[in-house]
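K.L.:
Mind the numbering: the sequence shown is residues 1 to 640 in UniProt numbering, read in order.
If you scroll down you'll find the structure; I have some questions about it.
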Amino acid sequence: MVFRKLPGVSASGMGLRLSQKFVFLLFLSGLVTLCFGALFFLPDSVRLKRIFLSKTETQPVTAGSGSENDAKEHLKRPKEQEHPRGMTSAKGETSTKLKSLSRKPPLSHEATEARLAVGRAQEDMTLPRLKTETASAKATTSHHLDTFSYNKFKGCLLKPPLGRDNGKPSDPQTNERREKVKEMMKFSWDNYKLYAWGKNELRPLTKNGHIGNMFGGLRGASIIDSLDTLYIMGLMEEYNDAKEWVQTSLDLNSNGEASLFEVNIRYVGGLLSAYYLTGEEMYKKKVMELGEKLLPAFNTPTGIPRGVINLGSGTSWSWGWASAGSSILAEFGTLHLEFVHLSELSRNQIYTDKVMNIRKLLNKIEKPQGLYPNFLSPVSGNWVQHHVSIGGLGDSFYEYLIKSYLMSDKTDDNAKKMYYGALEAIEANLVQKSPGGLTYMAEWRGGILDHKMGHLACFSGGMIGIGADDGAPEKRQHYLDLAAEITHTCHESYTRSATKLGPEAFRFDGSVEATATRLSDRYYILRPEVIESYMYMWRLTHDPKYREWGWEAVEALEQHCRVEFGFSGIRDVYTMTASHDNMQQSFFLSETLKYLYLLFSDDDLLSLEDWVFNTEAHPLPIIRESCMQDMATQAKTVSE
Ligand code: DMJ
1 MVFRKLPGVS
11 ASGMGLRLSQ
21 KFVFLLFLSG
31 LVTLCFGALF
41 FLPDSVRLKR
51 IFLSKTETQP
61 VTAGSGSEND
71 AKEHLKRPKE
81 QEHPRGMTSA
91 KGETSTKLKS
101 LSRKPPLSHE
111 ATEARLAVGR
121 AQEDMTLPRL
131 KTETASAKAT
141 TSHHLDTFSY
151 NKFKGCLLKP
161 PLGRDNGKPS
171 DPQTNERREK
181 VKEMMKFSWD
191 NYKLYAWGKN
201 ELRPLTKNGH
211 IGNMFGGLRG
221 ASIIDSLDTL
231 YIMGLMEEYN
241 DAKEWVQTSL
251 DLNSNGEASL
261 FEVNIRYVGG
271 LLSAYYLTGE
281 EMYKKKVMEL
291 GEKLLPAFNT
301 PTGIPRGVIN
311 LGSGTSWSWG
321 WASAGSSILA
331 EFGTLHLEFV
341 HLSELSRNQI
351 YTDKVMNIRK
361 LLNKIEKPQG
371 LYPNFLSPVS
381 GNWVQHHVSI
391 GGLGDSFYEY
401 LIKSYLMSDK
411 TDDNAKKMYY
421 GALEAIEANL
431 VQKSPGGLTY
441 MAEWRGGILD
451 HKMGHLACFS
461 GGMIGIGADD
471 GAPEKRQHYL
481 DLAAEITHTC
491 HESYTRSATK
501 LGPEAFRFDG
511 SVEATATRLS
521 DRYYILRPEV
531 IESYMYMWRL
541 THDPKYREWG
551 WEAVEALEQH
561 CRVEFGFSGI
571 RDVYTMTASH
581 DNMQQSFFLS
591 ETLKYLYLLF
601 SDDDLLSLED
611 WVFNTEAHPL
621 PIIRESCMQD
631 MATQAKTVSE
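Right, here's the structure in full:
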């Protein structure tokens with residue numbers, strides 16, 4: 001740089017002044033840097049960071065078009081609202097009692113409520129927070145269509161969603177049975193409405209509502225879970241009450257800690273189904289708003305989401321009980337169907353990207369004997385423990401692989417490859433035959449088998465059944481046989497109990513088969529998995545035994561679980577003197593009763609040619625991308 005000589009100032013004098021100025025400026029900028037730096041080391045610096053840093057770095061993404069305002073709302077919320085402490089368990093006990101559970105992870109998803117109470121999982125504060133993408137910021141899409149058209153979607157279905165005559169079977173006895181199931185649904189619903197309206201679940205003995213802490217302050221789980229069941233059963237008055245509640249009272253601005261998995265399968269799944277079945281825009285709006293609130297859970301070094309998310313702040317945690325802050329296979333692996341549909345409806349690729357990223361990582365890492373262990377670190381992307389199970393902690397991950405393939409109109413070849421690869425490894429390592437000839441799925445702990453099968457694992461009969469047809473030609477019959485054998489074993493676990501309902505887990509230990517041997521495994525909480533497999537096997541084979549088995553379950557439910565004001569789980573399936581657990585689970589309305597109703601309906605009610613069921617039995621349509629394109633092109637040609 002050339003300095004011009006100023007009049008009356010010598011060159012050396014000017015140089016001196018300039019270097020003084022330079023030193024002064026250097027000092028000033030150092031001071032400013034120091035001040036700013038110091039702010040970040042103050043204990044309460046988070047709020048200051050919020051002021052100085054761009055909103056997206058620390059704030060959750062917010063809903064829809066109003067995201068700007070909603071984001072400001074988050075900043076305004078007083079801190080004490082963010083963490084309601086002193087949570088209670090499913091049974092209303094204080095969390096101290098549940099602490100004993102923390103030594104061993106509960107095996108069921110419902111136990112997530114217990115998990116929440118037990119494990120105030122720690123957020124990994126040492127990690128740099130990744131930039132949170134807002135859904136609106138990444139509104140790029142792979143679709144050629146601008147907006148989702150409900151009419152075009154309807155036009156691409158092969159059958160009317162409710163079939164010819166709402167699936168009414170021509171056989172009078174089957175129809176009578178179907179009517180009975182409908183009555184059970186109305187009874188469950190009416191009591192929920194009377195005694196627990198707006199709460200998450202009904203406590204049928206004490207005639208009150210249960211809120212729990214799985215849904216982060218969201219309410220009305222039984223309402224959201226019931227929308228599609230009421231609709232397909234033609235319980236329209238009840239459906240309309242449910243719809244009105246969603247419209248006027250479903251508040252998504254909650255600020256509690258939720259299980260990402262549970263909110264996704266029940267709320268996102270329930271709202272998506274309600275939209276696809278009815279075309280009500282309100283459901284679409286709500287589900288998109290909720291979908292955005294789940295995105296910050298993916299802000300981890302690997303993109304594998306943590307299990308718990310604060311729906312208000314977007315902060316996420318791993319479960320406290322999950323070793324080394326790991327994420328759970330059945331949780332991060334059970335987002336795909338819903339997230340792909342969120343992209344479909346919003347034409348925003350971000351949701352699909354998030355779940356595809358999970359898949360990418362799973363494809364990359366080494367799998368012991370080709371198996372997928374249940375615990376994965378969201379920080380390192382490595383497996384944390386070598387525990388593999390088709391029941392709790394693993395279950396719906398496998399289900400979502402084959403259903404992703406089916407839902408993509410059989411275009412998602414990667415999902416197909418992963419599913420059949422996983423199934424091969426499961427068959428080689430986990431599938432066992434008992435001395436009495438029962439086929440079952442054992443659990444695997446670093447190569448050592450635990451000869452136990454959970455009720456939750458009984459969904460696998462149906463899963464293997466629906467995947468049979470797309471397996472290698474020489475394997476198709478084998479898969480169908482395997483599906484039937486597993487469903488048979490699960491039915492055995494029911495018939496071997498006094499109540500004809502199945503226990504939470506049963507064992508094969510030489511002296512007993514398909515029977516619970518531990519007191520703690522003897523309960524039945526209105527779970528659907530065995531009936532779910534009956535429904536699929538009925539549709540695939542039309543063997544009347546599946547309808548008979550379903551009817552046995554109806555009779556047992558009526559006899560042992562129906563109480564004066566609803567349905568309740570029981571503590572011991574091996575004793576006739578029922579001890580009720582005072583809980584009508586929302587999945588009883590969403591899954592157990594829906595699968596029973598479908599079992600006694602014609603196959604064209606929610607035809608499997610058009611729909612896949614998410615893991616909470618919410619039907620999601622198969623995405624026929626090329627048909628949608630053709631419809632769009634045709635419409636364009638006509639208008640020109
Ligand atoms: C449901 O919430 C879902 O089926 C989930 O995948 C497993 N647990 C319950 C029913 O048992």
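Yeah, the Cβ is synthetic: ideal placement off N, Cα and C, and Gly gets one too.
#1: Tell me the rounded alpha-carbon separation between Trp538 and Tyr400.
#2: Comparing alpha-carbon positions, which option in Tyr231, Glu555, Asn208 lies nearest Pro619?
#3: In angstroms with no decimal places, state the Cα-to-Cα distance between Phe506 and Gly155.
#4: Look at the Cβ atom of Cys561, then the Cβ atom of Leu598, and state whether they are nearer than 8 Å.
#5: In terms of DSSP beta bridges, what is His478 paired with?
#6: Express the C-alpha separation of Ser639 and Met441 in angstroms, rounding to a whole number.
#7: If you follow the beta strand (DSSP E) that Ala258 is in, where does it begin and where does it stop?
#8: By how many angstroms is the C-alpha of Ser579 removed from the C-alpha of Leu337?
#9: When we look at the beta-carbon of Pro503 and count the other beta-carbons within 10 Å, is it buried (16 or more) or exposed?
#10: Below 7 Å, is the gap between the Cβ of Glu591 and the nearest heavy atom of the ligand DMJ?
#11: Can you name the start and end residues of the beta strand (DSSP E) that Tyr440 belongs to?
#12: Just grab the DSSP bridge partners of Ala505 for me.
#13: Near Ala297, what residues of its chain come up, given a Cβ to Cβ distance below 7 Å and the 5 sequence neighbours on each side ignored?
#14: Cα separation between Glu123 and Trp319?
#15: Assuming residue 717 is part of the beta strand (DSSP E), what are its boundary residues?
#16: In chain order, what are the residue ranges of uninterrupted alpha helix (DSSP H) at least 4 long that sit wholly in the segment 368-452?
#17: Three-state secondary structure (DSSP) at Trp197?
#18: Considering only their Cβ atoms, is the gap separating Ile486 from Thr439 smaller than 8 Å?
#19: If we require 3 or more residues per run, which beta strand (DSSP E) segments fall completely within the segment 165-251?
#20: Should Glu257 and Asn299 be called a contact, given that it needs their Cβ atoms to be closer than 8 Å?
#21: Residues bridged to Arg562 by DSSP?
#22: By how many angstroms is the C-alpha of Met631 removed from the C-alpha of Leu158?
#23: Considering just the uninterrupted stretch of the alpha helix (DSSP H) at Phe332, what are its terminal residues?
#24: Out of Thr592, Gly392, Pro161, which has the shortest C-alpha to C-alpha gap to Leu456?
#25: Check whether the segment 235-250 touches the segment 210-226, taking contact to mean three or more Cβ pairs, one atom from each stretch, closer than 8 Å.
#26: Using a threshold of 7 Å, is the CB atom of Asp604 nearer than that to any non-hydrogen atom of the ligand NAD?
#27: At a cut-off of 7 Å, would you count Leu408 as near the ligand DMJ, judging by its Cβ distance to the nearest heavy atom?
#28: Tell me the residue span of the beta strand (DSSP E) that contains Ile265.
#29: Mind checking Asn151: buried by the 16 CB within 10 Å criterion, or exposed?
#30: Any idea if Leu449 is buried or exposed, counting beta-carbon neighbours within 10 angstroms, 16 or more meaning buried?
#31: Please report the residue range of the beta strand (DSSP E) in which Leu361 lies.
#32: Is DSSP giving Pro473 helix, strand or coil here?
#33: Check whether the Cβ of Asp481 sits closer than 7 Å to any heavy atom of the ligand DMJ, and report yes or no.
#34: To test your reading of the DSSP string, which unbroken alpha helix (DSSP H) runs of 4 or more residues are found completely within the segment 524-604?
#35: Using a threshold of 7 Å, is the CB atom of Arg527 nearer than that to any non-hydrogen atom of the ligand DMJ?
#36: Compute the minimum distance between the beta carbon of Asp228 and the heavy atoms of the ligand DMJ, and state whether it is under 7 Å.
P.N.:
This is what the structure gives:
#1: Trp538 and Tyr400 have their alpha carbons spaced roughly 21 Å apart.
#2: Relative to the Cα of Pro619, the nearest Cα in the group Tyr231, Glu555, Asn208 belongs to Tyr231.
#3: Each residue's alpha carbon lies about 46 Å from the other.
#4: Not in contact: Cys561 and Leu598 (Cβ atoms no closer than 8 Å).
#5: According to DSSP, residue pairing for His478 in a beta bridge does not occur.
#6: One Cα belongs to Met441, the other to Ser639, and the distance between them is close to 57 Å.
#7: Per DSSP, the unbroken beta strand (DSSP E) holding Ala258 starts and ends at 257-259.
#8: Per the coordinates, the alpha-carbon of Leu337 lies some 37 Å from the alpha-carbon of Ser579.
#9: The residue is buried, with at least 16 neighbouring Cβ atoms inside 10 Å.
#10: Glu591: yes, Cβ under 7 Å from the ligand DMJ.
#11: Secondary structure note for Tyr440: its beta strand (DSSP E) is the uninterrupted segment 439-441.
#12: Ala505 is bridged by DSSP to Gly454.
#13: Answer for Ala297: Leu260, Pro305, Arg306, Ile309, Ser316, listed in chain order.
#14: Caution is warranted here: a pLDDT of 37 is assigned to Glu123, below 50, making its placement in the model unreliable, and no coordinate value can be reported.
#15: Here the chain has residues from 1 to 640 only, and residue 717 is not among them.
#16: Annotation note: the segment 368-452 contains the following uninterrupted alpha helix (DSSP H) runs of length 4 or greater, listed N- to C-terminal: 395-407, 413-429.
#17: The three-state secondary structure of Trp197, taken from DSSP, is coil.
#18: Between Thr439 and Ile486, the C-beta spacing is below 8 Å.
#19: When DSSP assignments are scanned along the segment 165-251, the uninterrupted stretches of beta strand (DSSP E) that are 3 or more residues long and fall wholly within it turn out to be 201-203, 208-210.
#20: No, Cβ-Cβ distance for Glu257 and Asn299 is not below 8 Å.
#21: BP columns for Arg562 point to Phe567.
#22: Cα-Cα distance, rounded: 14 Å.
#23: Residues 329-332.
#24: That would be Gly392, whose Cα lies nearest to the Cα of Leu456.
#25: Enough Cβ pairs lie closer than 8 Å, so yes.
#26: The ligand NAD is absent from the structure shown, which contains only the ligand DMJ.
#27: In the sequence as displayed, the identity of residue 408 is Ser instead of Leu. Checking the Cβ of Ser408 against the ligand DMJ gives no.
#28: For Ile265, no beta strand (DSSP E) encloses it, and the DSSP letter there is neither H nor E.
#29: Counting the other Cβ atoms within 10 Å of the Cβ of Asn151 gives fewer than 16, which makes it exposed.
#30: Per the 10 Å Cβ criterion, exposed.
#31: Run containing Leu361: none in the beta strand (DSSP E); it sits in the alpha helix (DSSP H), 350-364.
#32: Helix, per DSSP.
#33: Asp481: no, Cβ never under 7 Å from the ligand DMJ.
#34: The alpha helix (DSSP H) runs of length 4 or more contained entirely in the segment 524-604 are, from start to end of the chain, 529-541, 545-556, 593-599.
#35: Indeed, a heavy atom of the ligand DMJ lies less than 7 Å from the Cβ.
#36: Asp228 Cβ: outside cutoff for every heavy atom of the ligand DMJ.
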